[in-house]
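K.L.:
Right, I'll just put the structure down here and ask away after.
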Amino acid sequence: MKETGRLIGLDFGSKRIGVAVSDALGVSAHPVGEVRRTSVPRDLDAVAGYVEEYEAEGVVIGLPLNMNGTLGPAAEKVLAFASRLRSRLDVPVETWDERLTTAEAERVLIGADLSRKRRREVIDRMAAVLILQGRLDRRRMREAKTESPPKREES
120 MKETGRLIGL DFGSKRIGVA VSDALGVSAH PVGEVRRTSV PRDLDAVAGY VEEYEAEGVV
180 IGLPLNMNGT LGPAAEKVLA FASRLRSRLD VPVETWDERL TTAEAERVLI GADLSRKRRR
240 EVIDRMAAVL ILQGRLDRRR MREAKTESPP KREES
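In terms of the numbering used here, the sequence shown opens at residue 120 and continues consecutively.
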C-alpha cells in the first residue's frame, strides 16, 4: 500500500460495517458513517462508494484475530470479504490486527459519557477510527525511521 494519501478504515461486523477516513496528510482518522449489512454485493458497492467519494488510496479492514493470534470464524469472514473487496476495487486492501479495538472504543465512549443507546449507534464507527488510526500511526513511525538525522555543519 502506498505510504501517502487518504485511507478508508473498516470495522467489519455481522450487522454493520463502521467506516472511517484519514485526513489527506494521513495523520488522523475520523468517523464518516456505517454500512448496514444486507448482502455482500451491496456491502461491496457501499464501501466502493466511500472509496470513490473520498478518493482513497487504500482500504484498511480490521482483522479480529483470537487473543492467541489464530484465525477464528469472524476473522475468516473478514478475509473472505477483503478478498472480494480486492477484486472489486482498484486500490490496495490490507487487514489490520484489531484485537480489543471494540473494547477500547467502548471505553472511550463510556469516558465521553455517552448513553448505552448512543454508544450502540456509534461503536462501529469508533472502532473503524481506532483501526485506521493504528495503521496511520505505524505509517508515520516508519517514515520517521527512514528519515536520516540532520547533518552537522563542519566548522
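Here a beta-carbon is modelled for each residue, glycine too, at the ideal position from N, C-alpha and C.
Leaving out five residues before and five after Ala246 in sequence, what residues of the same chain have Cβ atoms less than 6 Å from its Cβ?
P.N.:
Around Ala246: Asp130, Gly137, Thr220, Thr221, Ala224.
K.L.:
Find the nearest neighbour of Leu144 within the set Lys134, Arg125, Glu153, Gly132, judged by alpha-carbon distance.
P.N.:
Considering only alpha carbons, the answer is Arg125.
K.L.:
Leaving aside the five residues before and after Val170 along the sequence, list all residues of the same chain whose C-beta is less than 8 Å from its C-beta, in chain order.
P.N.:
Around Val170: Ile127, Val178, Leu208, Val210.
K.L.:
Mind checking who Ser141 pairs with in its DSSP beta bridge?
P.N.:
BP columns for Ser141 point to Ala148.
K.L.:
Report the residue from Asp243, Ser206, Val248, Glu217 whose alpha carbon sits nearest the alpha carbon of Pro160.
P.N.:
Residue Ser206 is the option with its Cα nearest to Pro160.
K.L.:
What do you reckon, are the CB atoms on Trp215 and Gly181 nearer than 8 Å?
P.N.:
Yes, the Cβ-Cβ distance between Trp215 and Gly181 is below 8 Å.
K.L.:
Taking one C-beta from the stretch 147–160 and one from the stretch 247–261 each time, how about it: are there three or more such pairs within less than 8 Å?
P.N.:
Judged by Cβ distances under 8 Å, the stretch 147–160 makes contact with the stretch 247–261, as three or more pairs qualify.
K.L.:
Quick one: what's got a C-beta closer than 7 Å to Glu174's C-beta in the same chain, skipping five residues either side?
P.N.:
Here the set comprises Arg125.
K.L.:
Shorter than 7 Å, the distance from the beta carbon of Arg156 to the closest heavy atom of the ligand MN, or not?
P.N.:
What this structure holds is no ligand at all, so the ligand MN is not there to describe.
K.L.:
Going by C-alpha to C-alpha distance, which of Gly188, Val197, Glu176 sits closest to Leu163?
P.N.:
When only C-alpha atoms are compared, the closest one is Val197.
K.L.:
Arg218 to Gln252, Cα distance in whole Å?
P.N.:
So the alpha carbons of these two residues sit roughly 14 Å apart.
K.L.:
By DSSP, does Arg207 sit in helix, in strand, or in coil?
P.N.:
Arg207 falls in the helix class under three-state DSSP.
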